[in-house]
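Data first, discussion second: the structure below is written as structure tokens.
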Amino acid sequence: MLKQKKQGSLIIISGTTCAGKGTVIEELMKRNDNLSLSVSYTSRGMRKGEKNGIDYYFVSKQEFEEKIEHDEFLEYAMVHQSNYYGTPKKEVKELLESGKDVLLEIEVQGAQQIKEKFPETILIFIMAPSMEDVKKRIVSRGQETKEQIIKRFQTAYQEINEIPKYNYVVVNDEVHAAVSKIEAILVSEKCRVDRIEEIAVENQEEFIHEFLMDQDFDNSNPFEID
Ligand code: 5GP
608 MLKQKKQGSL IIISGTTCAG KGTVIEELMK RNDNLSLSVS YTSRGMRKGE
658 KNGIDYYFVS KQEFEEKIEH DEFLEYAMVH QSNYYGTPKK EVKELLESGK
708 DVLLEIEVQG AQQIKEKFPE TILIFIMAPS MEDVKKRIVS RGQETKEQII
758 KRFQTAYQEI NEIPKYNYVV VNDEVHAAVS KIEAILVSEK CRVDRIEEIA
808 VENQEEFIHE FLMDQDFDNS NPFEID
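Plus 607 on top of the position in the sequence shown (first one is 1) and you've got this note's numbering.
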């Protein structure tokens, strides 16, 4: 009776630095087969443990700028005042058309660019329970220089001011609880009326008439009132 749109949903997850976004997304992906995580391009260097084509496609600044010129990105941004990050247009378009829901793990500027182009995008912001938690997580990660840490804090404070531009905010105080909240958001989004392509309902008079006949009522016209 209801025909839903075949096209998958585009979902953006952003969050402050060290909000535990990575862990939440990993768990979300494990639990949901129809979700695809888009792999971004970046001009930043590869960190220990990262893999090309899995965490990011790592390219030089020049290669990234060539891709900008060839209009290969759905969005892109300069992040932490130093490196480019961008979402590949072709891959995301193909996945959505095949009916997959596509998850973009991107920051606020990119999220805004996508929202302007595709207003039906679902924008979710993940927050750490407090800035004290962020501080602890940055220190325990111990992979960055003092300057990088300062830039991350500055970006985190700026990003918090952008939360009103998102549709949903999820506090990550416990990973499984945060994932369940995101799943609930995705389920309710699928039930939105604007995701319905067509409502096909049988002819009312014929349907009721046939029903009454089946039930062994007399077969006079049910729409005639004495
Ligand atoms: P990191 O260097 O820690 O992996 O990522 C830094 C920031 O870049 C994160 O906030 C992440 O969400 C964002 N990011 C990753 N990929 C993209 C992308 O394709 N576009 C945009 N705009 N931001 C991205």
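In this text, a Cβ means the ideal position worked out from N, Cα and C, and glycines have one as well.
Start-to-end residues for the beta strand (DSSP E) that takes in residue i
i: T694; result: N690 to P695
i: I806; result: I803 to I806
i: D708; result: D708 to E712
i: V778; result: Y775 to V778
Contacts around residue i, its chain only, beta-carbon distance under 8 Å, and the 5 residues preceding and following it disregarded
i: V646; result: G660, I661, D662, Y663, Y664, P695 and E698
i: S737; result: none
Terminal residues of the alpha helix (DSSP H) in which residue i lies
i: K610; result: Counting along the chain, K610 falls outside any alpha helix (DSSP H), though it belongs to the beta strand (DSSP E) covering L609 to Q611.
i: V782; result: V782 to K797
i: F760; result: K753 to I767
i: I632; result: K628 to R638
i: A735; result: It is not in any alpha helix (DSSP H) - A735 carries neither H nor E in the DSSP assignment.
i: M820; result: Q811 to D821
i: I675; result: K668 to E676
i: E682; result: Per DSSP, E682 belongs to no alpha helix (DSSP H); it is in the beta strand (DSSP E), F680 to V686.
Exposure of residue i, with buried meaning 16 or more beta-carbon neighbours within 10 Å
i: M608; result: exposed
i: E704; result: exposed
i: K722; result: buried
i: K724; result: exposed
i: E714; result: buried
i: T649; result: buried
i: F680; result: buried
i: G627; result: buried
Cβ-based neighbour list, residue i, same chain, cut-off 6 Å, excluding 5 preceding and 5 following
i: Q720; result: E682
i: A785; result: V631, V777 and N779
i: R651; result: N690
i: L710; result: I618, L642 and L644
i: L702; result: S643 and V709
Other residues of its chain near residue i: CB distance less than 7 Å, five sequence neighbours each side excluded
i: T623; result: M734, A735, V741, A763, E766 and I767
i: E796; result: S616 and I729
i: N641; result: K707 and D708
i: R654; result: Q750
i: I675; result: Y683
i: V686; result: Y692 and E714
Subject >> Cβ pair count under 8 Å reaching 3, the stretch 741 to 755 against the stretch 630 to 640 >> reply: The stretch 741 to 755, when compared against the stretch 630 to 640, does not touch it at the 8 Å Cβ threshold.
**OP:** State whether the stretch 750 to 767 contacts the stretch 804 to 814, with contact taken as three or more CB pairs (one from each stretch) at a distance under 8 Å.
**Re:** Proximity of the stretch 750 to 767 to the stretch 804 to 814 falls short of the contact definition, fewer than three beta-carbon pairs being nearer than 8 Å.
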